[in-house]
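Here the working numbering = 1-based position in the sequence shown + 159.
Backbone N, C-alpha and C define an ideal beta-carbon position, used for all residues, glycine too.
Computed from a predicted model, the values in this text were never measured in an experiment.
Notes to accompany the following structure.
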Amino acid sequence: MQQVEEALSKIEKVVLASGISNDIIYFNYHRKRFRKMGETVSRIVPAGSKVLDIGSHYLHSSLLLSFMGYEVVSMDVSEFWELDYIRKRASDHQLTPLVENQLERLPTLSDQKDEFDLILFTEIFEHITFNPIAFWKKIFQIIKDSGNIYITTPNSINFYSITKTIINALRGKSIGMDVNAVFTTVSYGHHWKEYSSSEVATYFAKMNDGFRLSIAKFVYKPIENSGSLGSYGRNLLIAISNKIPFFREAMEVIVQVDKSKPWKIDTPNY
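Here it is as structure tokens:
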């Protein structure tokens, strides 16, 4: 889609001008995912709609939709909004910044209701460390009736993850994230829980019958090759997985919200 490609080219210029290596690396790594997001969003939500980008990070997703004609509010923790180039980027491109350090309850949005046509939650689902009920109840409050939530997240059911789990378990090493990753990953960067498509469906069904899901598997990551035998094996397993739709590395989840349905579950008490 030409509009998406033009927007991506604009973002690339912004990112390269920053000269920030992490910014550039992240954009290049996720470019195909951004393309898919732009194509999907343009199909399900008309330009001019109001969007909340939760976990706006380097503002790549926010910029993409802004360049495509959407009104974007960019939310993230203060660690990102304290970066000078992120603040300047938002100001230069008419993005509305929103600092939120209490994602569990989203107090900065406490007075808003039926505000957003679309909520982006891309590459954030797997990072949640808190009980999510209050969070999603607030999302249900601030999204418009028939609005959409757009989620991308890793697919836990893929050959590489399955094989890695089995090998690490047999070696008595670990299941899930290893200790090294706990210490070497920045705060908010850990993948504490990756989901299967059936888990995602169950997750939303527990909260409200008005969450109507559409889940598709897709591929976007560039091949990483260090030249080692382990790297070759990893790439082979990922390549085989990505040939089979059910096992593809990533999920695109579209949640359409019917607000006529009652909330089903309360946050547990201590």
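Could you pull out every residue in the same chain whose Cβ sits closer than 6 angstroms to the Cβ of residue 344, ignoring the five residues on either side in sequence? Position 185 of the sequence shown, counted from the first residue, corresponds to residue 344. Nothing listed; no residue qualifies.
Should residue 424 and residue 366 be called a contact, given that it needs their Cβ atoms to be closer than 8 angstroms? As a position in the sequence shown, residue 424 is number 265, starting the count at 1. As a position in the sequence shown, residue 366 is number 207, starting the count at 1. The answer is yes: Cβ separation under 8 angstroms.
Assess contact between the region 248 to 256 and the region 316 to 330, defined as three or more Cβ pairs (one per stretch) separated by less than 8 angstroms. Is contact present? no
According to DSSP, is residue 172 part of a helix, a strand, or is it coil? Residue mapping note: residue 172 aligns to position 13 of the sequence shown, counting from 1. It is helical.
From this set, 205, 198, 209 and 248, which residue's C-alpha is nearest residue 222's C-alpha? For the purposes of this step, residue 222 is identified with residue 63 of the sequence shown, where counting begins at 1. Considering only alpha carbons, the answer is 248.
Evaluate the contact criterion for the region 391 to 410 versus the region 206 to 216: three or more CB pairs, one atom per stretch, below 8 angstroms. no
For residue 160, does the count of other Cβ atoms within 10 angstroms reach 16, so buried, or fall short, so exposed? Counting from 1 along the sequence shown, the entry for residue 160 is found at position 1. That one is exposed.
Taking 6 angstroms as the limit between beta carbons, can you name the residues of its chain near residue 397, skipping five residues before and five after? Locating residue 397 in the sequence shown gives position 238, counting from the first residue. Excluding residues within five positions, the ones whose Cβ falls inside 6 angstroms are 319.
On a CA-only basis, which of 303, 245 and 400 is nearest residue 271? Give me that one, please. Stepping through the sequence shown from its first residue, residue 271 is reached at position 112. Per the Cα distances, 303.
What is the rounded straight-line gap between the Cα of residue 351 and the Cα of residue 293? Mapped onto the sequence shown, residue 351 falls at position 192. Mapped onto the sequence shown, residue 293 falls at position 134. Looking at the two C-alpha atoms, the distance is approximately 19 angstroms.
Using only the alpha-carbon positions, how far apart do residue 392 and residue 342 sit? Indexing the sequence shown from 1 puts residue 392 at position 233. Indexing the sequence shown from 1 puts residue 342 at position 183. Taking the straight line from one Cα to the other gives about 25 angstroms.
Between 416, 225 and 234, which has its C-alpha nearest residue 251's C-alpha? Position 92 of the sequence shown, counting from 1, holds the residue named residue 251. Comparing Cα-Cα distances from residue 251 to each of 416, 225 and 234, the minimum goes to 225.
Restricting to Cα atoms, I'd like to know which of 288, 206 and 390 is closest to residue 348. If you number the sequence shown from 1, residue 348 lands on position 189. With distances taken between Cα atoms, residue 348 lies closest to 288.
Grab me the residues of residue 197's own chain with a C-beta within less than 6 angstroms of its C-beta, minus the 5 sequence neighbours each way, in chain order. The sequence position of residue 197 within the sequence shown is 38, counting from 1. Excluding residues within five positions, the ones whose Cβ falls inside 6 angstroms are 163 and 223.
List in chain order: all unbroken beta strand (DSSP E) runs of 3+ residues lying wholly within the region 178 to 257. 209 to 213 and 230 to 235
Let me check understanding here. Comparing Cα to Cα, which of 291, 300 and 414 lies closest to residue 427? As a working mapping, residue 427 is identified with position 268 in the sequence shown. Selected option, being the one with the closest Cα: 291.
Quick check: what's the CA-CA separation for residue 236 versus residue 244? Sequence index remark: in the sequence shown, residue 236 carries index 77 (1-based). Sequence index remark: in the sequence shown, residue 244 carries index 85 (1-based). Each residue's Cα considered, the two are about 15 angstroms apart.
Compare the Cα-Cα distances from residue 275 to each of 299, 374, 282 and 165 and report the closest residue. As a working note, residue 275 is residue 116 in the sequence shown. Considering only alpha carbons, the answer is 299.
Straight-line CA distance for residue 415 to residue 346? Within the sequence shown, residue 415 is the residue found at index 256, counting from 1. Within the sequence shown, residue 346 is the residue found at index 187, counting from 1. When rounded, the distance between both Cα atoms is 31 angstroms.
Residue 347 - containing alpha helix (DSSP H), residue span: Here residue 347 refers to the residue found at position 188 of the sequence shown. That residue, residue 347, is in no alpha helix (DSSP H); it is neither H nor E in DSSP.
Nearest neighbour of residue 311, chosen from 193, 385 and 204 [CA to CA]: The residue labelled residue 311 in the question sits at position 152 within the sequence shown. Out of 193, 385 and 204, 193 has the C-alpha closest to the C-alpha of residue 311.
Between which two residues does the alpha helix (DSSP H) carrying residue 392 extend? Within the sequence shown, the letter at position 233 stands for residue 392. It spans 388 to 402 - the alpha helix (DSSP H) in which residue 392 sits, taken as one unbroken run.
Considering residue 279, what are the terminal residues of the beta strand (DSSP E) in which it resides? If you number the sequence shown from 1, residue 279 lands on position 120. Run containing residue 279: 275 to 281, per the beta strand (DSSP E) assignment.
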